[in-house]
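Peer 1:
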Ligand code: AMP
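Numbering (this note's numbering), first residue to last: 741 to 1261.
This is the structure:
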């Protein structure tokens, strides 16, 4: 790599993003133009300008319907998904159904209505992170090459859309890596654990929008992910929304007005509630005060930690499900886990720490790495390693990751007309990976065969996430079960899938690289 082209690591978060670079044998977190080490993942369209980052966040009060956040909760998803429908009701900005069930964000900019896909918004945040890197490192340095992190539980279309966002931002995306894996790299380097005795480490990464849990074995520079689990729709934002709804209800009771539909009022409440939530991680009660919340009326309430926990207990309990699943999948007993590492802003919440400690029978949790910066730190190490820009111990650095969801084909079982999921790559398989399966026809003299591809853990194919399909035509006439096809599933190091099929009688081949609009053949 040349001196004037730096490889950077970007943690593209739901609520905050962070950028880091490997500099002279250490990782540096790159500070933004407001002096902050993390940057708000916000884009605000004012009457005359487009603002990105902290500047955009500072204007949300004035332009609530034009201030876009949570793009990560939309990226790679379909408008009619249940989670999207739920979110749309909470956001002060407008989201509509675009072509092919794609959600589009609608804003008013310079007097015109404009529509953006989630990846457009994410690309603006990524471009801002690149800008921060370039101005911090030196104006002459180009920070085009980047490793971007995603939740390990992101599916294929969410990963593809993130790569697309990177390209739109003018970045050369060296690799997409999983957030908990990146955090584990930071932990391994901090503890120097990666280079000495082998340790089993659980990363519990709970951020603004997603929860990721991974179990890794770290030793001699090798970061080996054993299993990963999570929820791409469970984060600090859900806690904020619960608190906002509570305040709206209380205001309704006290003042007899419903402000649920007022974007500006909801925005004010969200900012106040997030602040109170953070305070409750360190104190037992806090006040929420919103001046002139609605038509000049102020609002005041006291939130105790007990009240906060009671309001969100189901969410906290839900966080433990991926922890148990991850242990099960890795076939690891809690006694074999050496360290449980907390990452992500929401992991600071005492109740979550308490529940996690209960799972691990009172084990001390590791809080030594910076929960807001660890992911970008690890991404920067991987970026440097991929660019060949490291020296010393890091030259031995190897990352072995896994696929979070099972991948397979829809197929009909002999004794049934139901369409089942034939798993070709089981979840938690090491990536990159190639697996094959054999398929035959189900009718006599069938002339074509379609290969529908799914990801997920349900036995019934259609209950999983449909990724795409392709068809082989011109199959030589033969009774059912005679033609033979070999289907190849290839997943690359970014977790992106290609599937192809070969007619073994003719050698005819066809395939599909699963892409985000799920239509490409
Ligand atoms: P991340 O995605 O890791 O940047 O995490 C951001 C989320 O962590 C946001 O929902 C924040 O409100 C939340 N957060 C940050 N600090 C705290 C804290 N002290 N207590 C509770 N939540 C926090």
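No residue lacks a Cβ here, since even glycine has one placed at the ideal position from N, Cα and C.
Taking the alpha-carbon positions, what's the residue 770 to residue 746 distance?
Peer 2: One C-alpha to the other measures close to 12 Å.
Peer 1: Look up residue 1011 in the DSSP assignment and say whether it is helix, strand or coil.
Peer 2: Here residue 1011 sits in helix by DSSP.
Peer 1: Whole angstroms is fine: what's the gap from residue 1237's alpha carbon to residue 1168's?
Peer 2: Cα to Cα, residue 1237 sits roughly 14 Å from residue 1168.
Peer 1: Tell me where the beta strand (DSSP E) around residue 1151 begins and ends.
Peer 2: Segment 1147-1152, the beta strand (DSSP E) holding residue 1151.
Peer 1: Can you tell me where the alpha helix (DSSP H) holding residue 824 begins and where it ends?
Peer 2: 822-830 is the span of the alpha helix (DSSP H), which, as asked, contains residue 824.
Peer 1: Any heavy atom of the ligand AMP inside 7 Å of the beta-carbon of residue 1113?
Peer 2: Checking every heavy atom of the ligand AMP against the Cβ of residue 1113, none is found closer than 7 Å.
Peer 1: Look up residue 970 in the DSSP assignment and say whether it is helix, strand or coil.
Peer 2: Strand at residue 970.
Peer 1: Could you please give the first and the last residue of the uninterrupted beta strand (DSSP E) stretch that includes residue 813?
Peer 2: Taken as a continuous stretch (DSSP letters only), residue 813 belongs to no beta strand (DSSP E), as it is neither H nor E.
Peer 1: Just how far apart, CA to CA, sit residue 934 and residue 928?
Peer 2: Note on residue 934: pLDDT 49, under 50, position unreliable in the model; no value is reported.
Peer 1: Are residue 1058 and residue 974 close, meaning C-beta to C-beta below 8 Å?
Peer 2: Yes, these two residues count as a Cβ contact at 8 Å.
Peer 1: Note down the Cα distance separating residue 1094 from residue 1014, rounded to an integer number of angstroms.
Peer 2: Each residue's Cα considered, the two are about 21 Å apart.
Peer 1: Rounded to whole angstroms, what is the Cα-Cα separation between residue 801 and residue 1008?
Peer 2: Their Cα atoms are separated by approximately 7 Å.
Peer 1: Return the bridge partner residues of residue 1240 from the DSSP annotation.
Peer 2: Its beta-bridge partners are 1228 and 1251.
Peer 1: If you measure from the CB of residue 1109, is any heavy atom of the ligand AMP nearer than 7 Å?
Peer 2: No, the Cβ of residue 1109 stays beyond 7 Å of every heavy atom of the ligand AMP.
Peer 1: How long is the line joining the alpha carbons of residue 1144 and residue 892, rounded to whole angstroms?
Peer 2: Using only the alpha carbons, I get a separation of about 6 Å.
Peer 1: Which same chain residues end up closer than 6 Å to residue 1192 when comparing Cβ atoms and leaving out the 5 residues on each side of it in sequence?
Peer 2: Closer than 6 Å at the Cβ level, and outside the excluded window around residue 1192, lie 1150 and 1209.
Peer 1: How would you write the range of the beta strand (DSSP E) that residue 1200 sits in, first residue to last?
Peer 2: Looking at the DSSP string, residue 1200 is not in any beta strand (DSSP E), and its letter there is neither H nor E.
Peer 1: Contact defined as beta carbons within less than 8 Å: I believe residue 1231 pairs with residue 1182. What is the distance between those atoms, to the nearest angstrom?
Peer 2: That belief does not hold up - the Cβ atoms of residue 1231 and residue 1182 are roughly 27 Å apart, past 8 Å.
Peer 1: At the level of alpha carbons, what is the spacing between residue 1131 and residue 924?
Peer 2: So the alpha carbons of these two residues sit roughly 20 Å apart.
Peer 1: Whose C-alpha, out of 831, 846 and 819, is nearest the C-alpha of residue 837?
Peer 2: The residue with the shortest Cα to Cα distance from residue 837 is 819.
Peer 1: Which stretch, first to last residue, makes up the beta strand (DSSP E) that contains residue 758?
Peer 2: Residue 758 -> beta strand (DSSP E) spans 756-763.
Peer 1: Hey, how far is the Cα of residue 850 from the Cα of residue 1003?
Peer 2: Using only the alpha carbons, I get a separation of about 20 Å.
Peer 1: Using only the alpha-carbon positions, how far apart do residue 809 and residue 1137 sit?
Peer 2: Approximately 35 Å between the Cα atoms of the pair.
Peer 1: Taking a contact to mean a Cβ-Cβ separation below 8 Å, would you say residue 1164 touches residue 1177 in this structure?
Peer 2: Yes, the Cβ-Cβ distance between residue 1164 and residue 1177 is below 8 Å.
Peer 1: Going by DSSP, what residue range makes up the beta strand (DSSP E) through residue 915?
Peer 2: 912-918 is the extent of the beta strand (DSSP E) around residue 915.
Peer 1: Can you give me the C-alpha to C-alpha distance between residue 1162 and residue 968, rounded to a whole angstrom?
Peer 2: If you take the alpha carbons of residue 1162 and residue 968, they lie about 21 Å apart.
Peer 1: Along the beta strand (DSSP E) that carries residue 856, what are the first and last residues, could you check?
Peer 2: Residues 852-856.
Peer 1: Pull the bridge partners of residue 1209 from the DSSP assignment, please.
Peer 2: In the DSSP output, where bridge partners are listed per residue, residue 1209 has 1192.
Peer 1: What does the alpha-carbon distance come out to for the pair residue 854 and residue 835?
Peer 2: Cα to Cα, residue 854 sits roughly 11 Å from residue 835.
Peer 1: Rounding to the nearest angstrom, what Cα-Cα distance links residue 824 and residue 1254 in this structure?
Peer 2: Cα to Cα, residue 824 sits roughly 22 Å from residue 1254.
Peer 1: Looking at the secondary structure, which residues open and close the beta strand (DSSP E) in which residue 1050 lies?
Peer 2: Counting along the chain, residue 1050 falls outside any beta strand (DSSP E), though it belongs to the alpha helix (DSSP H) covering 1045-1069.
Peer 1: Rounded to whole angstroms, what is the Cα-Cα separation between residue 1259 and residue 870?
Peer 2: In this prediction, residue 1259 has a pLDDT of 31, which is less than 50 and means its spatial position is unreliable; what the coordinates show is noted afterwards. Distance between the alpha carbons of residue 1259 and residue 870 is about 32 Å.
Peer 1: Apply the 10 Å Cβ neighbour rule to residue 861 and answer buried if 16 or more other Cβ atoms are within range, or exposed otherwise.
Peer 2: Its Cβ being crowded by 16 or more others within 10 Å, residue 861 is buried.
Peer 1: Skipping 5 residues on each side, what residues in its chain have a beta carbon closer than 6 Å to that of residue 930?
Peer 2: The residues are 1109.
Peer 1: Which residue comes first and which comes last in the beta strand (DSSP E) that contains residue 791?
Peer 2: Taken as a continuous stretch (DSSP letters only), the beta strand (DSSP E) holding residue 791 covers 790-792.
Peer 1: Take residue 1140 and list the residues in its own chain whose beta-carbon comes closer than 8 Å to its own, dropping the five residues that flank it on each side.
Peer 2: Closer than 8 Å at the Cβ level, and outside the excluded window around residue 1140, lie 962, 963, 964, 965 and 1170.
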